[in-house]
Each structure stands twice: as C-alpha cells, then as structure tokens.
Amino acid sequence: MRAKLTTTFQSLRVRNYRIFATGQLIKLIGVWMMFIAQDWLVLQLSDDSATALGVVVALQFTPVLLFTLVFGRLADRYDKRMLLFVANAMWFVLALGMSVLVLTGAVQLWHVFVFAGLLGVGNALETPVRQAFVSELVGTPLLPNALGLSSATFNTARIVGPAVAGLAIAAFDVGPVFLISAIASAAPLVGLIQMRASELYRADLPVGGARDSAKVADGLRYVARRPDLMLPMGLMAVMGLLLFNFQITLAALAKTVFDTGAASFGLFTTALATGALAGALAASGRRGRPSVYVVLGSALAFAGLATMVGLAPTYWLVVALLVPTGFFMVYFAQASNQRVQLGVDAAFRGRVMALWVLVFLGTNPVGAPAIGWVAEHLGAGASIWLGGALSFLTAAAALLWQLRRTGGRLRLRWAPLPRFYVLPAPPATILQLSRGNVEFVQR
Numbered sequence: 004m005r006a007k008l009t010t011t012f013q014s015l016r017v018r019n020y021r022i023f024a025t026g027q028l029i030k031l032i033g034v035w036m037m038f039i040a041q042d043w044l045v046l047q048l049s050d051d052s053a054t055a056l057g058v059v060v061a062l063q064f065t066p067v068l069l070f071t072l073v074f075g076r077l078a079d080r081y082d083k084r085m086l087l088f089v090a091n092a093m094w095f096v097l098a099l100g101m102s103v104l105v106l107t108g109a110v111q112l113w114h115v116f117v118f119a120g121l122l123g124v125g126n127a128l129e130t131p132v133r134q135a136f137v138s139e140l141v142g143t144p145l146l147p148n149a150l151g152l153s154s155a156t157f158n159t160a161r162i163v164g165p166a167v168a169g170l171a172i173a174a175f176d177v178g179p180v181f182l183i184s185a186i187a188s189a190a191p192l193v194g195l196i197q198m199r200a201s202e203l204y205r206a207d208l209p210v211g212g213a214r215d216s217a218k219v220a221d222g223l224r225y226v227a228r229r230p231d232l233m234l235p236m237g238l239m240a241v242m243g244l245l246l247f248n249f250q251i252t253l254a255a256l257a258k259t260v261f262d263t264g265a266a267s268f269g270l271f272t273t274a275l276a277t278g279a280l281a282g283a284l285a286a287s288g289r290r291g292r293p294s295v296y297v298v299l300g301s302a303l304a305f306a307g308l309a310t311m312v313g314l315a316p317t318y319w320l321v322v323a324l325l326v327p328t329g330f331f332m333v334y335f336a337q338a339s340n341q342r343v344q345l346g347v348d349a350a351f352r353g354r355v356m357a358l359w360v361l362v363f364l365g366t367n368p369v370g371a372p373a374i375g376w377v378a379e380h381l382g383a384g385a386s387i388w389l390g391g392a393l394s395f396l397t398a399a400a401a402l403l404w405q406l407r408r409t410g411g412r413l414r415l416r417w418a419p420l421p422r423f424y425v426l427p428a429p430p431a432t433i434l435q436l437s438r439g440n441v442e443f444v445q446r
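Below you can see the structure in the form of structure tokens.
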C-alpha cells in the first residue's frame, strides 16, 4: 500500500511541481466556489432561466473557441511561466472587480455576461499554456503521473469548492463567495514567483529559429497526419459538445426538477467531483501511453452512466449515479489527454495542446445555449440523457472505425461473473463488461 501511494504521488517530490500544484489547488477551490455562486446569481437575476445560464457558459468559453490556437502558438514560442503569470494576474483583477459589484449590490445580469467573456479570454491563454507547462515541471518520465495529479487537484477543488459554496451561499449569500474566490486566485501568482527556473525541464524544447517559426497551421497538419491523435480529439469534441455541460444541467436539475436549494445543488456537483477525483487518482498510476481501447471503453461507460443520470427519477438516485459518472468522465478525459500528450513531439506540444483545449472547452459555447434551451423546454433530465445517448452512439461508431482501420474484430463470449479487464495492446485488448466479454483481436 505504501509503495502504491508513493507511486501515485511521486511527482510531488519535484519542488516546482509541488509549488505549482499547491497554487492550483487554492485557486481552483475559489474558482469552483465562484462558478457555483455565479450560476446561482444568474438564476436569481434571470428568474430561473436555464437559457441565461447557457448564455453565460457560452460567453465564458467562446474566447477559448476564438483564441486558443493562437495562444497555443505563443506557448511554443515564449516562456510558459511568464504567460501563466499574465493569465493568472488577469483572472485575479477580474475576480476582484466582480466581487466588488456583487458585494455592493450593483451587479446586473449584463455584468455577469461581460465578466464571463473576459474570464474566458484569460482561460483561453492559461489553459493550453498550463497543459504544456506540466512537462517542463517534471519531465517526460513523470508526465503521466503529473497529469493525473493535476486532474486530481482539479477534482479535489471540485469537491471542496461547491460544498463550501453551497453552505456559504445559504448562510451569507453570493457576495462573500466571490470575494473569497478573488483572494484565492492570487495563489498561482505567488507560486510562479517562487519557482526555480533552473530546475525546469526545457532541454528538449526547440530554440532559436525553430521556436520563432512555429505556426498554427503546422500544428494542425501535424495532428491531421496522426490518426492516433485524431480519434481522442474527435471523440472529445463530440462529447464536449453534448455531455460536458454539467455546470448548466445540474444547476437546472437541482432547481427546476427537484426544487432544491443551493446546498443541494452543491451536493450534485460534489458527488460528480468525488467520482472524478477517484478517476483522476486511478489515471495518475498509469506509467505509459494508454491504449486507444482504454479511451473508447471509458467513453462508452461515461456516456452510458450519464444517460442513466438523466433518466433517474429520484434525487438520491441522481446523487448515487453521479459518483461513477464522475469517475469515468475524468478517466476518459485523462486517458485521452495522456494519449495525446505522450504521443506528441515536444516542438509541437503547445499547439497540439491548444487544439486539445479547443475541442475540450471550445465546444461549450456551441453546445451550451442548445443544452440550456433543451433543459428549459424539454426538462433538465432530457438535456442530460439525450447528450448521453448521442455520445454513446458516437463512441460506438469510433470503436467500429478503429477496428476497421486496424483490421480488428469484436468477439463476444459469456462469463459467469462481471469483470473488467484491460490487457496491453497489441496483440489483444480485452474488455469484459457485465456478464459478457468483448474481445478486441488484432489480425
């Protein structure tokens, strides 16, 4: 057990990564508190309009759609540490300004719209740079573990933040929550200042003219020539559009279907994040590049569970289903992320990760208004199960495409007990689901 824990948290032995992870944890707890407060504030200011909530999410992620590829190019040309400082400083100033508006009672719905859009610009810069910066903190051998721990940090904050925010909103209203978030967002700035530049792993990065000539189009062509990168990115694009909108759907589900308060909405988010944390820790133990079938299997599991969440008839059944849903949501996202990061050349990492962020987050502004409309007119449950069902069909189609491309075939056989196996591929990857086996065989 001790050896397993040591392996799981081995990246924390690296000083720069430890400082980075600490700053991210503090900031992200505040960020999730702010997201809960923002969603609740929008519902208060818009008479419980799920469409307005969808517009806020769309504004928050539209800059990701517009600017991420450009900012990814910056990540391959300039000092990532400096770029992260600029992005986090922008976030701090905006969060502080928004907290003043809320605390003074001057806030209006259009203020939230503007705030969400400006935060999106900072996020469009920070996210691809942060994704690419992790490899400089720990080096390639520890990269799978560091990516898993970064996801665990994110999901730990996702558990703590909403739980604290739900209680704080119930006790003090949304104003103090925004102020706490603003203060917490200064933590990464302190951490970036404390890092030792001499201990960063930059030996394998391009220098001189190679960095100056980095072009967005070159990154796109690089990915287009790599089917192993295209599959997880394409799958994430579709599922990000249809299913990664729990910020909207869970708020609407709590308030309009089950008629609960902010604390209960926080419980939904906390249940999802609890499973997500377990999924992140499970992914952190991975030592190499995950198989494509790990990506596909976790995508099918995530989509199937999400469909059941949307169809669940009771509040507590939703809470129970959100835990395994969160597990496979992050396990799928991490397997896809690790498959991309561990398969890309260092010279293209910034631009490729910018494209990854684009398909992961940039699909939200396209899908969020539609998801909000479905939640408002057909019900919050329908907005979840429809997205889950369509995502399941997409993952199944991707599986068939992969089998056809590689010459593999499916073979079913019955087993007496439910099991789940993932064996290294090639030559064979076996997934046993429920009482049956699904065996992937390479010819």
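The sequence shown begins at 4 in this note's numbering and counts up one residue at a time. The C-beta atom is built at its ideal place from N, Cα and C for all residues, glycine as well.
CB-CB length for residue i against residue j, believed under 8 angstroms
i    : j    : result
V226 : V355 : 6 angstroms
A448 : G391 : No statement about residue 448 is possible, as the shown extent of the chain runs from 4 to 446 and does not include it.
T259 : I374 : Going by Cβ atoms, the distance from T259 to I374 rounds to 14 angstroms, so no, they are not a contact pair.
A127 : T71  : 5 angstroms
A185 : A98  : 4 angstroms
A187 : I29  : 5 angstroms
V58  : L244 : That pair is no contact at about 16 angstroms.
G382 : L314 : About 11 angstroms separates the two Cβ atoms, so there is no contact after all.
L56  : V45  : 5 angstroms
G307 : D79  : That pair is no contact at about 38 angstroms.
F261 : Y318 : 5 angstroms
V60  : Q250 : 6 angstroms
N19  : R224 : Actually they do not touch by this definition, with Cβ atoms about 33 angstroms apart.
A357 : P131 : 4 angstroms
L234 : Q405 : 6 angstroms
I162 : T273 : 5 angstroms
Given residue i as reference, the closest of the options once Cα atoms are compared
i    : options                   : result
A276 : A109, G164 and F395       : G164
R21  : G57, G382, L150 and L62   : L150
M239 : Q341, D176, T252 and M311 : Q341
R3   : N19, Q111, P230 and D221  : Since the first and last residues shown for the chain are 4 and 446, residue 3 lies out of range.
F118 : G291, L256, A220 and M37  : M37
Q111 : S49, M85 and F363         : S49
A135 : P316, S339, K83 and L46   : K83
T25  : I387, F351 and A189       : A189
P179 : S154, L68, A40 and L396   : A40
Q197 : L62, L246 and F23         : F23
G269 : F116, V137, S14 and D42   : D42
W35  : D348, L56 and F181        : F181
R76  : V295, A254 and G222       : G222
M242 : I162, E202 and A371       : A371
L69  : G125, V141, L393 and W94  : G125
G202 : G142, M233, A274 and Q344 : As written in the sequence, residue 202 is Glu, which differs from the Gly given in the question. The residue with the shortest Cα to Cα distance from E202 is G142.
R292 : L146, F351 and P191       : L146
F247 : L393, L15, L31 and D51    : L393
I183 : V326, L31, R224 and S154  : L31
L152 : A168, F12 and A254        : F12
S14  : V137, L406, G278 and P131 : V137
A191 : L389, W359, G120 and Q27  : Going by the sequence as given, residue 191 is Pro instead of Ala. That would be Q27, whose Cα lies nearest to the Cα of P191.
T366 : L86, D51, Q63 and H114    : Q63
V321 : L256, G123 and A168       : L256
T397 : G237, T273 and A109       : G237
T107 : L140, M85 and D176        : D176
The ligand PLP heavy atom lying under 7 angstroms from the CB of residue i
i    : result
L314 : Summarising the ligand content, the structure contains no ligands, and the ligand PLP is consequently not present.
* To do: Could you say if the stretch 391-408 and the stretch 88-102 meet the contact criterion of at least three C-beta pairs nearer than 8 angstroms?
  => no
* To do: Kindly confirm or deny that the stretch 280-288 and the stretch 372-384 touch, where touching means at least three C-beta pairs closer than 8 angstroms.
  => no
* Do three or more CB pairs link the stretch 152-161 to the stretch 101-112 at distances below 8 angstroms? -> no
* Asked: Hey, which unbroken runs of the alpha helix (DSSP H) at 4 residues or more fall wholly within the stretch 11-68?
  -> 18-48
* Given 8 angstroms as the limit, is there contact between the stretch 323-343 and the stretch 295-306, that is, 3 or more CB pairs closer than that? -> yes
* Complete runs of the alpha helix (DSSP H) confined to the stretch 335-416 [at least 4 residues] -> 352-364, 367-380 and 383-409
* Identify every run of the alpha helix (DSSP H) within the stretch 105-155, keeping only runs that are complete inside it and at least 4 residues long; order them along the chain. => 112-141
* Tell me the start and end of each unbroken alpha helix (DSSP H) in the stretch 154-202 that is at least 4 residues and wholly inside, in chain order. => 178-187 and 190-197
* Segments of 4+ residues assigned as alpha helix (DSSP H) that fall wholly inside the stretch 276-326 -> 295-314
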